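Residue numbers (full-length UniProt numbering): 1 to 251.
Cβ atoms here follow ideal geometry from the backbone N, Cα and C, with glycine treated the same way.
Note that the coordinates shown come from a computational prediction; the quantities given were computed from them, not determined experimentally.
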């Protein structure tokens, strides 16, 4: 304790001072630790200023914690989701050209390296796992953004790197899809048609980076997403016991 060596006669004064010092020291802190899994604790009142903080090589973020176009709808009718619910695109489809329904996330990285990206999504339109199942994704200011399956590595079209995947890709954006007959929320993110490659992004230095999403398929619903280094397994990163990343405010 701060005053443990002060004489007993000053104990009451010391305890009072310690309480006041603690309060004073916390005045400039704009971060609150989450109280439990599924919670994103913050005293930042402006979602446009949210910064999501990586910890130990892991970021876990509620997808709805961003500023969205009015055609992105927040819904809370699915018990499989966390936070306030999930976002689903109900506007026109944008299958060939990204840029519609843009939203961004500021990610504060302290551990440089390559992170795998996965989001938890569902199909809310139709009954096919291969339709209404994708959204555009881009990391334009990262050191590298690529997809990999074994020895095969591909890059977004127009990124200045090749090869590019089969299927939709443009201006540095990947089409990120989920597949399978189970249309409910699950953790899965791939690109490259009929040859699913996992998604990776490299942050070469500590700093704040911007993740961008853009609407593609109507009826594609997203609940949350994770980014994690190879020191963490997918199972651990997506465990229900993992708390959401803490949020600070942009200056």
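Taking residue 77 as the centre and dropping the five residues before and after it, the same chain places the C-beta of 85 closer than 8 Å to its C-beta, in chain order. Annotation for residue 103: the continuous beta strand (DSSP E) segment containing it runs 103-109.
Shown here, residue 95 sits in coil according to DSSP, grouped into three states, outside any helix or strand. Counting only the Cα atoms, residue 245 lies some 6 Å from residue 59.
Taking residue 185 as reference, the option from 221, 208, 203, 210 with the minimal CA-CA separation is 221. Per the Cβ contact rule, the region 214-230 is in contact with the region 106-126 (3 or more Cβ pairs under 8 Å).
Residue 198 and residue 112 have their C-alpha atoms some 19 Å from each other. When 67, 73, 122 are compared, the shortest CA-CA separation from residue 79 is found for 122.
The Cβ neighbour count for residue 248, taken over all protein chains shown within 10 Å, is at least 16; the residue is labelled buried. Of 217, 141, 65, 104, the smallest CA-CA separation from residue 42 is found for 65. Just measuring C-alpha positions, the residue of 88, 235, 201, 195 sitting nearest residue 173 is 201. In the DSSP assignment, the residues bridged to residue 118 are 226. Under the three-state reduction of DSSP, residue 88 is assigned to strand. The count of Cβ pairs closer than 8 Å, one atom from the region 94-106 and one from the region 146-159, stays below three, leaving the stretches out of contact. In the three-state reduction of the DSSP assignment, residue 242 falls in the coil class, being assigned neither a helical nor a strand state. Spanning the alpha carbons of residue 238 and residue 232 requires a straight line of approximately 10 Å. Cβ contact annotation for residue 144 (same chain, cutoff 6 Å, sequence separation greater than five): 202, in chain order. Between residue 211 and residue 104, the C-beta gap is smaller than 8 Å, which places the two residues in contact. For residue 147, no alpha helix (DSSP H) segment is defined; the enclosing uninterrupted segment is the beta strand (DSSP E) at 144-149. In the DSSP assignment, the residues bridged to residue 208 are 108.
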